[in-house]
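As numbered in the working numbering, the sequence shown has no gaps in its residue numbers, which increase by one up to the final residue, 721. Think of the CB as a built atom: it goes at the ideal place given N, C-alpha and C, for glycine as much as any other residue.
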Amino acid sequence: MDKKRAIILPYKESFSDKNSGAASIFVKESLANENIQEFVIYGSKSSVNIKYKKNYFFNPIQKKYFRNYNYIKYFIKKFSNFNFETIEIHNRPEYIKEIKKNFPLSKIIFYFHNNPNTLRGSKTNEEKKYIYNNCNIVFLSKWIQKKFENKKFINKKNIVIYPGVKQSSYKKKQKIIFFCGKLNHSKGYNIFIEATKKIKKIKEFSNWKIISAGTESRRVLPVEDHIKELGQISNKQVYNIYKKALISIAPSNWEEPLGRLPIESAAHGSISITSDKGGLPETNHQGYILKDNSSKELFELLVKLLTNSKKLHSLSRKIYNNFNFTNKQFLKSVSNLRCKNEKIKKVFLISNLNLKNKKRLFYSFFNKLNLGLKKYPFKLTSISDRDFIRDNRGFSDISGRKSFNKAIINKVKLFNPDLIVLGHTDRINIETFEKIRSFNNEIKIIKIFIDSISNEFFKFKRVFYDYKFLNNIFISSNPKKLKEQDLSNKIKFIPYPVDKEIDNLKSFNFINKQIDVFFALSHGQNRGILKKGKKDEREEFLNKLKILLPDYIKCSFIGMNDQQPVWGNKFYNKIKNSKILINLSRGEYKKYYSSDRISSLIGNGCFVLNEKKNMYSDFFNKKNELINFTTARDLKNKILYYLDKPKLRKIISSNCHQKYHSKINTSIIINYILDVIFKKELRKKYLWT
33 MDKKRAIILP
43 YKESFSDKNS
53 GAASIFVKES
63 LANENIQEFV
73 IYGSKSSVNI
83 KYKKNYFFNP
93 IQKKYFRNYN
103 YIKYFIKKFS
113 NFNFETIEIH
123 NRPEYIKEIK
133 KNFPLSKIIF
143 YFHNNPNTLR
153 GSKTNEEKKY
163 IYNNCNIVFL
173 SKWIQKKFEN
183 KKFINKKNIV
193 IYPGVKQSSY
203 KKKQKIIFFC
213 GKLNHSKGYN
223 IFIEATKKIK
233 KIKEFSNWKI
243 ISAGTESRRV
253 LPVEDHIKEL
263 GQISNKQVYN
273 IYKKALISIA
283 PSNWEEPLGR
293 LPIESAAHGS
303 ISITSDKGGL
313 PETNHQGYIL
323 KDNSSKELFE
333 LLVKLLTNSK
343 KLHSLSRKIY
353 NNFNFTNKQF
363 LKSVSNLRCK
373 NEKIKKVFLI
383 SNLNLKNKKR
393 LFYSFFNKLN
403 LGLKKYPFKL
413 TSISDRDFIR
423 DNRGFSDISG
433 RKSFNKAIIN
443 KVKLFNPDLI
453 VLGHTDRINI
463 ETFEKIRSFN
473 NEIKIIKIFI
483 DSISNEFFKF
493 KRVFYDYKFL
503 NNIFISSNPK
513 KLKEQDLSNK
523 IKFIPYPVDK
533 EIDNLKSFNF
543 INKQIDVFFA
553 LSHGQNRGIL
563 KKGKKDEREE
573 FLNKLKILLP
583 DYIKCSFIGM
593 NDQQPVWGNK
603 FYNKIKNSKI
613 LINLSRGEYK
623 KYYSSDRISS
633 LIGNGCFVLN
643 EKKNMYSDFF
653 NKKNELINFT
663 TARDLKNKIL
673 YYLDKPKLRK
683 IISSNCHQKY
693 HSKINTSIII
703 NYILDVIFKK
713 ELRKKYLWT
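Structural data, given as structure tokens:
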């Protein structure tokens, strides 16, 4: 189920056609141009339209106590593995903290339908501050906005969106006066009753129909014979009455947060009469506003209007023609909120950039990535984690970790990146991720892990302790092995890139090479020397190979048998001077995994014999681009075969070099990363997809 967005309705809100609440009506209207299949709509048990049936969810178990708490907990439990781009919460600020905590990557859009000062979770300045820092806020009227905002909480991102209504063609109006809402004193139904009762007693106006739509479970107002009460009807039926009614009335006694009646009535050419309470005047542009909001004032206004039929019909037509709360503008505003920011302008790279060992490890993955990012029209900043921590240890911060996290937070505050790229850094605190998300929840955070994921070395929770804060993860192995742990489907394969400025040898053009077979083993990359007492299975394999090979074969297997590894230009001189180079990686699980050795060897035009187990034959032709071996004996046979064929070696290594540089270079890798982040179509676009 590929659901990108979630909408959370207030608990007890009905989503049925006949009995929709205000939030449900708003949501249905907002989905008019959307692909419904991308949405999860969560509410209470309702008889929903077939259009929404597959996408509407509710908690089937209703508990007696803590209903709101259990309501939101059920949503979290059911959808915890979903990586929603947006989560829209309607009118229940008390839900925000739990949603933010469990969906830290999702953009939270909060809709205020009512006065924030009366809702649990937004009454205090502290609560308002939390909402302000963690949500895109939408107010359904300026009146609601003013109740929330003060000098501290004004933000251009927080906007007013009035509900929009799709206009139908203008219908000839009938002598109907219409009331829509709850039948109580708060909505001013008593004022409506008294004023229309007097109107019906005037002979001249006795043929006018008085209609109301709505209910009241604790009704105290009497049922009147002069009013045709329709009870609870669907929004569609309400609109059909607006099409016919000349006058619609909302004499509300309470601070109405949103003037919905003036919007809906004006869309159909019905003249609205409202009180001046709350947000009603904002949307009642060309109707009438009662100053005193009394039955006497309403009666006198109705007499004045009904007396001049020609003027009444002319005003109806004018209101219809000047209607500006269109669903077109409404849908555009909501769509803009839901859409992703697909522009990356600022990138913050946090990785080991080997500043101390730059000359020795200039060909590392993250140095290539750093160089590649500089060629893009990005503003780029970086922190080399190992170098920073080494240089910032002190008595008050022995590990350097406090200073490191503080530096990240300050950099994010000042630089405000669109994308944060993490390398093999495991010293960023969870609290730091939480702060970053509170600064700007639209920041994309990705992690690139280029070590083996074989069980001997890899622990998912240790490496990806920050999993829930990451938008995407890239690994240099086939991600299928981690499918069970990758609950939100974040992990993608990434190959090691070449860079023409770094991988600039064309070894196939060099002759008179002195080394027949070369392999460089390293397990002390950052310190530059081998770790004492450390061995792996490759040494055993290579020692066996050496025994199998004739004595006249000149082998150079460095990084083992007490031979220290070589780095930087010394490594380049070695590979340039070697006829055959072996690509062999450690670990039991090897599908698509190789160390960055493979890009250095192929990228510099070496003739490589590659271990078949890594399945690079999925990307390169196994006959004329990349030759594979299976066992030590098979490798021995292929070494002897290709040593006698320098021309064939040159053709094969040249083919593989050309393909690697054209298909897996830093520019292509960066494009791939951006495509994954923005969920672009990947199939057949890249060599490995």
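Where residue i sits in the DSSP three-state scheme
i           : result
residue 155 : coil
residue 261 : strand
residue 381 : strand
residue 706 : helix
residue 718 : coil
residue 415 : strand
residue 637 : coil
residue 566 : coil
residue 277 : strand
residue 177 : helix
residue 51  : coil
residue 698 : helix
residue 130 : helix
residue 215 : coil
residue 245 : strand
residue 367 : helix
residue 88  : strand
residue 753 : Past the boundaries of the shown model lies residue 753; the chain is included only from 33 to 721, so the question cannot be answered.
residue 298 : helix
residue 283 : coil
residue 376 : coil
Own chain partners of residue i with C-beta closer than 6 Å, once the 5 adjacent residues on each side are dropped
i           : result
residue 520 : 113, 115
residue 152 : 126
residue 708 : 504, 524
residue 717 : none
residue 383 : 398, 455
residue 277 : 208, 210, 302
residue 467 : 441
residue 143 : 122, 170
residue 192 : 171, 174, 177
DSSP bridge partner residues for residue i (one or two, in chain order)
i           : result
residue 145 : Answer by DSSP bridge pairing: none, since residue 145 is not bridged.
residue 121 : 40, 142
residue 271 : DSSP lists no partner for residue 271.
residue 206 : 277
residue 442 : Answer is none; residue 442 lacks a bridge partner.
residue 587 : 549
residue 426 : 429
Chain-order list of residues whose beta-carbon lies under 7 Å from that of residue i (same chain, five-residue window excluded)
i           : result
residue 408 : 702
residue 387 : 416, 419
residue 492 : 514, 517
residue 45  : 53, 55, 56, 75, 76
residue 378 : 410, 411, 447, 448, 449, 450
Cβ pair residue i, residue j closer than 9 Å
i           : j           : result
residue 137 : residue 473 : yes
residue 449 : residue 506 : no
residue 39  : residue 73  : yes
residue 225 : residue 273 : no
residue 231 : residue 334 : yes
residue 692 : residue 510 : no
residue 165 : residue 627 : no
residue 348 : residue 205 : yes
residue 255 : residue 296 : no
residue 634 : residue 694 : no
residue 637 : residue 539 : yes
residue 149 : residue 179 : yes
residue 279 : residue 322 : no
residue 652 : residue 632 : no
Own chain partners of residue i with C-beta closer than 8 Å, once the 5 adjacent residues on each side are dropped
i           : result
residue 33  : The predicted position of residue 33 is uncertain, since its pLDDT is 48 and thus under 50; no value can be drawn from it.
residue 620 : 486, 487, 488
residue 606 : 547, 550, 552, 588, 590, 598
residue 656 : 683, 684, 687
Any non-hydrogen atom of the ligand GTP closer than 8 Å to residue i Cβ
i          : result
residue 64 : This structure lacks the ligand GTP; in fact it carries no ligand of any kind.
query: Is the region 659 to 677 close to the region 425 to 435, with three or more CB pairs under 8 Å?
result: no
task: Determine contact between the region 195 to 207 and the region 48 to 68, defined as no fewer than three beta-carbon pairs at a distance below 8 Å.
output: yes
message: Across the region 343 to 357 and the region 304 to 321, are there enough close Cβ pairs to call them in contact, namely three or more that are closer than 8 Å?
response: yes
- prompt: Should the region 590 to 608 be regarded as contacting the region 641 to 654, the criterion being three or more beta carbon pairs within less than 8 Å?
  reply: no
Segment contact flag, the region 152 to 167 with the region 117 to 125, C-beta cutoff 8 Å, min 3 pairs: yes
message: Does the region 251 to 268 come into contact with the region 302 to 309, if we say contact requires no fewer than three beta-carbon pairs (one atom in each stretch) closer than 8 Å?
response: no
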